[in-house]
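To start, the structure itself, in structure tokens.
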Amino acid sequence: MTAQPTPRRLANWREFEALQLDPILEHALDAFGENGFHGTSVRDLARRIGVTVPALYYHYENKEAVLVALLHTAVRDLTERALAAVAAGGDDPVRRFTHFVEAIVLNSTYRSRQSALDSELRHVSPQNRRHYAETRKHVELIALDLVDEGVERGVFVVDDIAEAVRALLGMCQSIARWYRIGGPLTPDQVAARYTVIALRIVGCPSASARAR
Numbered sequence: 022m023t024a025q026p027t028p029r030r031l032a033n034w035r036e037f038e039a040l041q042l043d044p045i046l047e048h049a050l051d052a053f054g055e056n057g058f059h060g061t062s063v064r065d066l067a068r069r070i071g072v073t074v075p076a077l078y079y080h081y082e083n084k085e086a087v088l089v090a091l092l093h094t095a096v097r098d099l100t101e102r103a104l105a106a107v108a109a110g111g112d113d114p115v116r117r118f119t120h121f122v123e124a125i126v127l128n129s130t131y132r133s134r135q136s137a138l139d140s141e142l143r144h145v146s147p148q149n150r151r152h153y154a155e156t157r158k159h160v161e162l163i164a165l166d167l168v169d170e171g172v173e174r175g176v177f178v179v180d181d182i183a184e185a186v187r188a189l190l191g192m193c194q195s196i197a198r199w200y201r202i203g204g205p206l207t208p209d210q211v212a213a214r215y216t217v218i219a220l221r222i223v224g225c226p227s228a229s230a231r232a233r
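Each residue of the sequence shown is one higher than the one before, counting from 22 in this note's numbering.
In structure tokens:
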């Protein structure tokens with residue numbers, strides 16, 4: 022098993038309270054969501070916040086630093102929530118896995134704006150991209166451990182664990198590109214559907230009824 026960060030004590034990992042962001046990050050999240058990173062100028066950010074450009078630079082070195090701060094805030098919250106979900110699954114490998122998938126999907130729906138920021142990584146410097154990838158790697162390691170555990174205990178049938186995990190995470194992370202709160206599906210409905218698909222990916226379709 023791979024060592025993971027200690028989970029934050031969440032009252033309920035299925036509940037998504039508003040992230041505590043400073044005003045600059047809050048307005049930047051809105052601006053990047055509306056216009057994309059490239060389409061948002063520093064002057065526009067300063068205008069939204071109600072400060073001068075030099076005042077904004079006092080808090081963040083540049084626009085990229087604002088994006089990087091948002092990315093790291095989002096992935097830390099996701100990692101802590103995923104760890105709490107897995108811990109709530111007890112010793113049942115299927116329940117631990119399904120809780121993990123549910124946490125990822127709920128994050129991609131309730132936190133779709135933050136999750137969609139991954140698509141802006143192309144604008145981040147190689148050094149910051151590597152640093153972010155290292156932070157986000159924790160989520161992949163959790164998934165690898167869960168699938169490996171299920172295979173070892175005979176409840177999952179997977180030929181290539183790493184490839185299965187890549188497919189699983191790619192599927193879940195893509196939700197942020199299309200999901201909108203208030204649409205035809207609730208976050209819980211999306212989570213239920215994707216959990217069934219996830220169980221099939223790891224060769225455990227008969228366990229779908231145990232997803233929640």
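Using N, Cα and C, we set each Cβ at its ideal position, and we do this for glycine too.
Being a predicted model, the structure only gives us computed values, none of them experimental.
Per-residue DSSP class, three states only, for residue i
i: Asp1; result: This structure leaves residue 1 out entirely; the chain is present only between 22 and 233.
i: Ala109; result: coil
i: Val211; result: helix
i: Trp199; result: helix
i: Arg35; result: coil
i: Asn83; result: coil
i: Ser62; result: coil
i: Thr94; result: helix
Buried or exposed by the 16-neighbour rule on C-beta atoms within 10 Å, applied to residue i
i: Asp166; result: buried
i: Asn128; result: buried
i: Ile70; result: buried
i: Leu104; result: buried
i: Pro205; result: exposed
i: Val223; result: buried
N-terminal and C-terminal residue of the alpha helix (DSSP H) that residue i is part of
i: Tyr131; result: Pro114 to Tyr131
i: Leu206; result: Counting along the chain, Leu206 falls outside any alpha helix (DSSP H), and DSSP gives it neither H nor E.
i: Cys193; result: Ile182 to Gln194
Nonlocal neighbours in the same chain, by C-beta distance under 7 Å from residue i, ignoring five residues either side
i: Arg35; result: Leu127
i: Arg134; result: Leu50 and Gly54
Near the ligand HEM: residue i beta-carbon under 6 Å from a heavy atom
i: Tyr153; result: What this structure holds is no ligand at all, so the ligand HEM is not there to describe.
Same chain, Cβ closer than 6 Å to residue i, five either side skipped, listed in chain order
i: Lys84; result: Val63
Sequence-distant residues of its chain with Cβ nearer than 8 Å to residue i (five each side left out)
i: Ala48; result: Looking at the sequence itself, residue 48 is His, so the reference to Ala does not match. Here the set comprises Leu66, Arg69 and Ile70.
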